[in-house]
Amino acid sequence: MKRNILARRAASAALAACMMFSLSAPALAESTDALLQQSTAAKSAVSVLDEENGMMEEEPAYQMDLKYGSIRVYIGDDGKQYVQQGENAPQQSGNLSITTNGSPTDNTITIEGGTTGAKVTLSNVNIETTSDAAVSVSGNVELIIAGTNTNTLRSGTDHAGVEKADDNGTLTISGTGTLEAYGGQGGAGIGGARNKNAGNIVIESGTIKANGGTWGAGIGGGQSAAGQNITIRDGNVTAIPGGEAAGIGGGYQGDGKNITIEGGTVNSRSGGGSGPVAAIGGGRVSGKGENIQITGGNVTLKTVDDDDIYIGNGQQEAEIDPSKLLGTIIKLDENDVKVAEIVQDFKITINDKPVTRKNYEDILGDGILCYNIEEKTLKLKEGQFINGALTITAPEDVSIDLEADASHVVEGDLTVNGAKDVKVTKLGGGAAAAIQGKAEITCSGDVILENWGGSRGDGRNLITNGLTVKADTVTTEGGISGETMIDCIGDIKLGNEHGTTVSKLTVKSANNVTVTSGSVNRSIGQDGAEITCSGIVELDSNRYSYENLGKVSFTQANGKPYVYIMAKSSEYAKSSEYKDSRITPIPETIEKRYLRIEPRETYSITVKNGTAQVVGDTDGKLTTAFAGEKVTVSGENKNPSVTKFGGWKVISPESFELTEAQKNTEKTMTFTMPASPVELKASYSFPAPVLDMQVTVKGGTIRVGEGESQTGTVFVQPGQTVTIEADEPAKENESFHHWKVEKDSSKNIGIIEGSLGSETEKGTEKIVFTMPQDGVKLTAVYSIPASVLRSTVTVTGGTAKSTLGEGSDIPAEIGTTVEITATPYDAEKYPGMEFVEWEIVYPDSFYEKFPGGIPENLQLKLNNAKSAATTFEMPVYPVKLIAHWSASAVAGPDEPIDEDFGVEPAPMDTTGGTIAAVAVGGAAIWGGYEIATRVILHNLLPEGAAIPANRGQLALLIWTEKGKPEPAAQPAFADITDAEQAKAAQWCVEQGLLDAREGKFESDGWMPKFKTIEIWNKAFPKK
393 MKRNILARRA ASAALAACMM FSLSAPALAE STDALLQQST AAKSAVSVLD
443 EENGMMEEEP AYQMDLKYGS IRVYIGDDGK QYVQQGENAP QQSGNLSITT
493 NGSPTDNTIT IEGGTTGAKV TLSNVNIETT SDAAVSVSGN VELIIAGTNT
543 NTLRSGTDHA GVEKADDNGT LTISGTGTLE AYGGQGGAGI GGARNKNAGN
593 IVIESGTIKA NGGTWGAGIG GGQSAAGQNI TIRDGNVTAI PGGEAAGIGG
643 GYQGDGKNIT IEGGTVNSRS GGGSGPVAAI GGGRVSGKGE NIQITGGNVT
693 LKTVDDDDIY IGNGQQEAEI DPSKLLGTII KLDENDVKVA EIVQDFKITI
743 NDKPVTRKNY EDILGDGILC YNIEEKTLKL KEGQFINGAL TITAPEDVSI
793 DLEADASHVV EGDLTVNGAK DVKVTKLGGG AAAAIQGKAE ITCSGDVILE
843 NWGGSRGDGR NLITNGLTVK ADTVTTEGGI SGETMIDCIG DIKLGNEHGT
893 TVSKLTVKSA NNVTVTSGSV NRSIGQDGAE ITCSGIVELD SNRYSYENLG
943 KVSFTQANGK PYVYIMAKSS EYAKSSEYKD SRITPIPETI EKRYLRIEPR
993 ETYSITVKNG TAQVVGDTDG KLTTAFAGEK VTVSGENKNP SVTKFGGWKV
1043 ISPESFELTE AQKNTEKTMT FTMPASPVEL KASYSFPAPV LDMQVTVKGG
1093 TIRVGEGESQ TGTVFVQPGQ TVTIEADEPA KENESFHHWK VEKDSSKNIG
1143 IIEGSLGSET EKGTEKIVFT MPQDGVKLTA VYSIPASVLR STVTVTGGTA
1193 KSTLGEGSDI PAEIGTTVEI TATPYDAEKY PGMEFVEWEI VYPDSFYEKF
1243 PGGIPENLQL KLNNAKSAAT TFEMPVYPVK LIAHWSASAV AGPDEPIDED
1293 FGVEPAPMDT TGGTIAAVAV GGAAIWGGYE IATRVILHNL LPEGAAIPAN
1343 RGQLALLIWT EKGKPEPAAQ PAFADITDAE QAKAAQWCVE QGLLDAREGK
1393 FESDGWMPKF KTIEIWNKAF PKK
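Numbers given in the numbering used here equal positions in the sequence shown, counted from 1, plus 392.
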């Protein structure tokens, strides 16, 4: 199947870029983790590309025999592959196979790839040349090694066996066959010629043996040249350098950089010679070895001299972190004796035995315990359990899941240090403990210990010798003998369906703690419990339990106040049934089978002129209470001989209300605490004399003499000084306006300070008066913008009458009836004039907001629009009406009724309340009526002149009548092309008769007749 080489190379390049790290410094260890994962992902990506691109139809192979002459393969200008042998004409061939049938030849192969890769298959090729490179490649080239026979390439002096040009192209070698490449003196086996760097070499498969010539690398740079960006993904690869060069990397004096081994079997040795040189890395003298990564495969490295190194730069051996190695590295000395073996170490120890890539499937060698690499989880094999003590040390990203269907899961002590989650599960069987010993667990995640064996009669045991845990959360099922000590961040849930849950419990820290038992046994043993946590505690023995909970000590971790209850039947009880631990501490011994402890927020209690006491608080020291607690307050009369109790007033919160009985109870008034701070005030005032009169104030307070301020109705002796103060407005846009004297109030209020005000005059918020002989009733009136409850009525050609006035421009209260009457013409001067109808002119904002028409609910409804005298109900906006007359009745006017001048309404707020208007909105109205405008215009305009229909016609008529004077400035209106029209417009603008906006005159703009009259009279004033 044909593969898309470019796609594979793109994936390879991306992988290589992600996986590079430096082996020339200790930073190697830090970068390996991510690279291990990226390597696996990259292999998968390449596999997908192969599968997808393999769907392409295979081009028939075109085979050429090299014995007939040297062959050149290249990519043409059309992006297609061509081949030329000797002097023969080039031929197009995208699937080329070259052979010599095993016979040696000195003919050579040159492959020139471009951005489009060239693809050549070698099948049983044998090249031996003394002067050139057997195979030389440049650009992007895929070299496929085919067949079962060996392909042998021997090059001449200064050349590599497979010579890779020093360019940005990539040489990819793959296939199932064998390739032996020999460089001449100074040349690499596969890579660079003498003094030529070589890079971007990828070996994907095949059996590859690369022999460098003297001073040349096996795979990499030639003499005095670097080998870099070399990746081995798979295959069986052997790299043998010449003297003083690296097996994979730099030639003599050359660097070896960016070398990655992802898989396969790789054998590489150092070149030896007169100084240290690396098996993988830099050549002798100045060659550097950097960014070398071994992420997989089985790699064997050999040094041929004592001072050679395995991986590095000839001077420094690179360190390899075994925990980040996905393969095996074997190091041999010059005698092929193994001196070291490096395998992947997962940093897990089981009973002091490390878990490695070699033993992870059977860690202890007894077929019991294994490590799942993908899940990062230690597990028991099916049907197995741990017979003896088990000690596990693991990184914080490794979990433990021990599950067994046996008498025990761990028949001995269990110790865990440093894992993530720890789970021990006994699936069934008898009542024997899941952990036959003690358990000590320290981890970063969740601990779940469960025994699902046992029965109600036999019980259910979990741990025999105590439990110590430090984790995030803890969950258990089954009985724990000995002491249980838990230190965690999250919740603790301990249970035992068939027996006592814990013998003794100590919780050092937790969020919520729950301990339950489903049998007649107690949930906590006789040694009791000491619990420190920040959340809810629930200790629940079965209601049929023979024993009560016993000794319980509780500490609130955050110092919060808390309540408790000892009756499960009240699990959903009202807050009042809980006990306040500040008043009644939790007993040391719980003589109940149930205990629930909850942290609760408390709220402050503030009392002016009195005291407060939480019910049950005999010391009276508590100044806060829980929501639902009972609180008793009592007033304190500091002048009992002079003043008397006038009731309780709630200062805050606004939503808190007292009953009438509570308001009037001076001593030991009890209320239920809401879920917010409460502030109350006991009011006291001077007692009323026998002939006291009532002072009633709405929206304010009453103070008699120097007494306390009160609300509502107060009895006052005539002659006493009374101070009234208005309350703060309830709404932001309101302000105090005046005091309204009610109908049944005395009208002889002797004000000695301040002013009552009126609907049209602002008063003062505070007034002081001498109490008259009869009662006083006042209401504080607040104002908002006048347009809220009143607006204006403007009538052109008539008058209006409202509850607030009469005239052509008057205020009117919203919702009241307004009468309008058209002013008739002088019958002698204008005989035969008849009323036509009323024109309604809405505020300009209405036309802007509702261009498609005023909504029905906002339209003004006249009782009879065609009657000279009619009425309407005042809306919330300003009303403008124009009376229209005609010399004869008009059934349907053929021209639009003239527009009036717009008057913007004041902002409106229709919120309810006791409110009066304090100002009247309005605007200056043009001082003439539009009465028989056609007649007027015909009398004004030159004889025979038509009434102008728009701005342009009016400007031209005025300018012409003025004798067409030249304007002071050149006209420059973007919307006028006619020269005379432009001059007329410019002149009228300069005279202030008409205006222009943003360089436009708007000649077609409609001109109302009344406006035409105004402008004409301005242009031609009467003498």
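Every residue, glycine too, gets a C-beta built ideally from N, C-alpha and C.
- With a threshold of 16 other beta carbon atoms within 10 Å, Gln1362 falls short and is exposed.
- In this structure, the straight-line span from the alpha carbon of Tyr763 to that of Leu571 is close to 39 Å.
- Under DSSP, the beta-bridge partners assigned to Tyr763 are Leu770.
- In this structure, DSSP gives Asp1236 a helical state, which the three-state scheme calls helix.
- Linking Val1006 to Ala796 through their CA atoms gives a straight-line distance of about 57 Å.
- DSSP, reduced to helix, strand and coil, places Pro991 within a strand of the structure shown.
- Per DSSP, reduced to three states, the secondary structure at Gln1251 is coil, with no helix or strand assignment.
- By a beta-carbon distance limit of 8 Å, Thr1035 contacts Phe1078. Their separation comes to about 6 Å.
- Between Tyr970 and Ile957, the CB-CB gap stays under 8 Å.
- Here Gly604 is not near Glu636, since their CB atoms are 8 Å or more apart.
- Here DSSP, grouped into helix, strand and coil, assigns Val1210 to strand.
- Within 10 angstroms of the beta-carbon of Gln473 lie 16 or more other beta-carbons, which makes it buried.
- Distance check between Val1133 and each of Ile1350, Gly1155, Lys694, Ser933 places Gly1155 closest, using alpha-carbon atoms only.
- Excluding its 5 nearest sequence neighbours in each direction, Ser528 has C-beta neighbours in its own chain below 6 Å: Thr502, Glu555, listed in chain order.
- In the DSSP assignment, the residues bridged to Val1108 are Met1085.
- The residue from Asn888, Asn628, Ile855 with its alpha-carbon nearest to that of Gly874 is Ile855.
- Rounded to the nearest angstrom, the gap between the Cα atoms of Ser660 and Asn690 is 11 Å.
- Ranking Arg625, Ser678, Thr657 by CA distance to the CA of Tyr644 puts Ser678 first.
- Annotation note: the segment 614-692 contains the following uninterrupted beta strand (DSSP E) runs of length 3 or greater, listed N- to C-terminal: 619-624, 628-632, 648-653, 657-661, 670-673, 681-686.
- Here DSSP, grouped into helix, strand and coil, assigns Asn888 to strand.
- Close CB contacts of Leu756 within its chain, under the 8 Å cut and outside five residues either way in sequence, are with Ile742, Asn743, Lys745 (chain order).
- For the segment 917-990, the continuous beta strand (DSSP E) assignments of 3+ residues that do not extend past its boundaries occur at 921-925, 929-932, 942-948, 954-957, in sequence order.
- Within the same chain, and ignoring the five residues on either side of Gln1373 in sequence, the residues whose Cβ sits closer than 8 Å to its Cβ are Gly1344, Ala1347, Leu1348, Ser1395.
- By the neighbour-count criterion, in which a residue is buried when 16 or more other Cβ atoms sit within 10 angstroms of its Cβ, Ala798 is buried.
- Residue state for Tyr1174 is assigned as strand, using DSSP reduced to three classes.
- Between Asp805 and Ala781, the C-beta spacing is below 8 Å.
- From the listed residues Glu534, Ser1137, Tyr1174, Phe1161, the smallest Cα separation to Glu1153 is found for Tyr1174.
- Check the Cα spacing between Gly870 and each of His890, Ala638, Val802, Val861: the tightest is with His890.
- If you look at Thr865, you'll find it in the beta strand (DSSP E) that goes 865-869.
- For the options Thr695, Gln736, Gly759, Glu709, the alpha carbon positioned closest to that of Lys730 is the one of Thr695.
- Taken atom to atom, the span from the alpha-carbon of Thr599 to that of Glu504 is near 24 Å.
- Following the DSSP letters along the chain, one finds Ile1407 inside the alpha helix (DSSP H) bounded by residues 1401-1411.
- When C-beta atoms of the segment 572-590 are compared with those of the segment 617-631, three or more pairs fall below 8 Å, so the two segments count as touching.
- For Lys556, the enclosing beta strand (DSSP E) covers residues 554-556.
- With a minimum length of 3 residues, the unbroken runs of beta strand (DSSP E) contained wholly in the segment 786-870 fall at 791-796, 806-811, 814-818, 831-835, 838-843, 853-855, 859-863, 865-869.
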